[in-house]
Amino acid sequence: MTRLSIISAATLLFVGVFLLAQQKQSPQATSAALDKMIAANRSQKELAQYVFDNHGCKSCHTVGENGKLGFTEKGKQLTNGFEGCIRMLTAMNVIAQVPSNQRSADQKTKAQRFDEFGCTLCHQIVPGKMGLSVLGSKLSNLHLGCVDVEKQLASK
Ligand code: HEC
Ligand code: HEC
């Protein structure tokens with residue numbers, strides 16, 4: 000191994016450990032917490048903040064202004080080679096149609112990161128459509144999807 004590849008392997012390991020340490024909470028816990036907040040008449044913005052804080056968003060994003068989310072320093076590093084949420088989901092819709100043993104190395108990495116970044120907790124990749132998990136469907140009904148969270152948090 001060259002020195003460089005040792006360093007990049009170490010970096011990957013570090014990023015992996017960092018992401019694991021950030022492990023998002025269970026769908027049930029989020030679902031229950033949101034129900035409580037709704038019963039207590041908490042605002043849509045508070046609900047969005049809850050999702051943002053507990054589902055990995057804050058490891059990459061800062062609560063932006065002017066209608067957009069910003070990026071954390073760690074986020075900027077983590078996003079190295081990650082093209083952002085919208086392109087990631089678009090790419091996954093294509094990758095989902097390729098059987099896993101026929102995927103290219105790049106496609107495998109993308110699918111793995113989609114999982115590591117916590118996206119699969121809410122998104123289920125079903126070829127040709129936007130699949131959602133139980134929690135994902137609930138959040139969709141509550142208008143707390145990724146774009147809604149951005150809108151809520153980035154508006155004053
Ligand atoms: C691994 C880092 C990472 C994580 C985790 C992440 N994002 Fe992103 N997100 C990005 C990057 C990078 C972009 C791309 C920005 C671009 O293309 O200019 C992006 C783009 C977005 C956009 C589109 C922004 C725009 O206005 O064009 C939204 C909305 C968004 N993220 C919401 C979320 C939400 C909500 C979560 C948590 C459920 C989340 N993101 C988790 C890295 C991340
Ligand atoms: C806590 C649940 C949750 C997590 C975690 C999550 N999402 Fe989402 N996301 C949603 C929901 C709900 C929607 C809205 C879907 C709908 O209503 O059709 C959405 C919408 C989106 C959209 C907009 C799609 C569109 O066409 O409007 C993108 C892009 C997206 N998510 C990407 C990601 C990526 C990439 C990740 C991982 C970094 C991620 N999401 C993590 C719940 C989540």
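Numbering (numbering that gives the first Met the number 0), first residue to last: 0 to 155.
Glycine is no exception: its CB is placed at the ideal position from the N, C-alpha and C atoms.
Treat the numbers as computed from the prediction; the structure is a model and nothing was measured.
Under the 10 Å beta carbon count, V133 is surrounded by fewer than 16 other beta carbons and is classified as exposed.
In the structure shown, F70 adopts extended strand secondary structure according to DSSP, grouped into three states.
By the CB criterion at 7 Å, V50 and L131 fall outside the cutoff. In the structure shown, G55 adopts coil according to DSSP, grouped into three states. Runs of alpha helix (DSSP H) with 4 or more residues, each lying fully within the stretch 107–146, are found at 133–140, listed in chain order.
For H54, the shortest separation between its Cβ and any heavy atom of ligand 2 lies below 6 Å.
Note that the C-beta distance between Q151 and Q43 is below 7 Å.
At least 7 Å separates the beta-carbon of G55 from that of G135. The beta carbon of A90 sits closer than 7 Å to those of K109, all from its chain and outside the five residues before and after it, given in chain order.
Under the DSSP assignment, N92 falls in the alpha helix (DSSP H) whose first and last residues are 84–94.
Take the alpha-carbon of L138 and the one of T29: they are about 10 Å apart.
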